[in-house]
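This report refers to the structure that appears directly beneath it.
Protein chains: 2
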Amino acid sequence: MESPTARTEIRKGSIARELRRGTLELIVLHLLEPGEAYGYEIVTKLTRETQGALEVTDGTLYPVLYRLERAGFVGVRWDTPERGVPRKYYQLTDAGRQELHALTTEWSAFADAMARLLGTGHPR
Amino acid sequence: MESPTARTEIRKGSIARELRRGTLELIVLHLLEPGEAYGYEIVTKLTRETQGALEVTDGTLYPVLYRLERAGFVGVRWDTPERGVPRKYYQLTDAGRQELHALTTEWSAFADAMARLLGTGHPR
DNA sequence: GTCGTATGTCTTGTCACGCAAGATACCTTG
DNA sequence: CAAGGTATCTTGCGTGACAAGACATACGAC
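Same order as they appear, the protein sequences are chains A and B.
Positions in the first sequence are counted from 1; adding 360 to them yields my numbering.
Positions in the second sequence are counted from 1; adding 360 to them yields my numbering.
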């Protein structure tokens, strides 16, 4: 099993990098919907839930979380156990849930438009 | 009818701007597939074919076309009539057709992964 | 005739953001 | 104690969409 620490080099020539633009916020908010999670957990969760189709490195994720926090879309809670590495837990706020909904809608509209445009000839 | 000259301000807070990243090349190559077209024509064609769902300004398009040309994905032909504004026509090259296919595949994989991830609860 | 508007091309500068790479620290297992 | 997994954060780079502006030709209205 590949650990997140073994940083997977993301292909340069690929458009995958650009596709993450704009979808990453949506993805993170979506992953937080079922309940709070900490950064490292989100990275592994995303890789697992998409069978590696969508991946992200921690160097990418942490800035996103910071942005979401500043925007008021997520709340933060530190868990500092006596023994063990401290974890920073993120939870959706009401505004975050609203944003999640808005982004989901926007994404659907875009994906639909793309599908219609690229649509394999089948007219109408 | 809205003319392309009346530049539609693209919403700043929207993710639409980011979503175009990576898809724009694919979109342009796709629009060139049926046959050659000139820049201005592509702008209007995209707006029309997607009922405005996907739009692009000429300031965005021309750099894309230049990139595609440099990459060898499109060929160029000037049409300079005695009377009238000169037009620069673009056509897909073989490499461009190949790229179009590759990008389409990549896009589909990404869109599918997103759909699976966001999938409305229906588990498994 | 000239003013506005549509057609058509191109360039400059700005800004956002994904990412590689590196730093730091703790814990476990051999 | 040395590796490697867990966990966080920061710096710097490159890419690319876009607004704004410039420029030129054509055509209509006034």
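Every residue, glycine too, gets a C-beta built ideally from N, C-alpha and C.
Using 8 angstroms as the limit for Cβ to Cβ distance, is B/ALA397 near chain A?
no
Between A/LEU379, A/TRP467, A/VAL403, A/LEU384, which lies nearest to A/LEU428 when the distance is taken from Cα to Cα?
A/LEU384
Of all the options A/LEU478, A/GLN458, A/GLY444, which has the alpha carbon lying nearest to the alpha carbon of B/GLU466?
A/LEU478
I'd like the span of the beta strand (DSSP E) that includes B/GLN451, first residue to last.
447-452
Is the shortest distance between the beta-carbon of B/LEU485 and the beta-carbons of chain A less than 8 angstroms?
The first residue shown for chain B is 361 and the last is 484, placing residue 485 of chain B beyond what the model contains.
Pick helix, strand or coil for B/ARG476, following the three-state DSSP scheme.
helix
Coarse secondary structure for B/ALA431, derived from DSSP in three states
coil
According to DSSP, which residues form a beta bridge with A/ASP439?
A/ARG447
Looking at chain B, is there any beta carbon in it that lies within less than 8 angstroms of the beta carbon of A/ALA473?
yes
When DSSP labels each residue in this structure, what does A/ALA469 get in the three-state scheme?
helix
Roughly how many angstroms lie between the CA atoms of A/ALA397 and A/ARG476, to the nearest whole one?
36 angstroms
So, does the segment 458-474 of chain B touch the segment 399-414 of chain A, judging by three or more C-beta pairs under 8 angstroms?
yes
Nearest chain B C-beta to A/HIS390 closer than 8 angstroms, yes or no?
Interface with chain B (8 angstroms Cβ-Cβ cutoff): A/HIS390 is included.
Option in A/THR440, A/VAL424, A/GLY444 with minimal Cα separation from A/LEU389
A/VAL424
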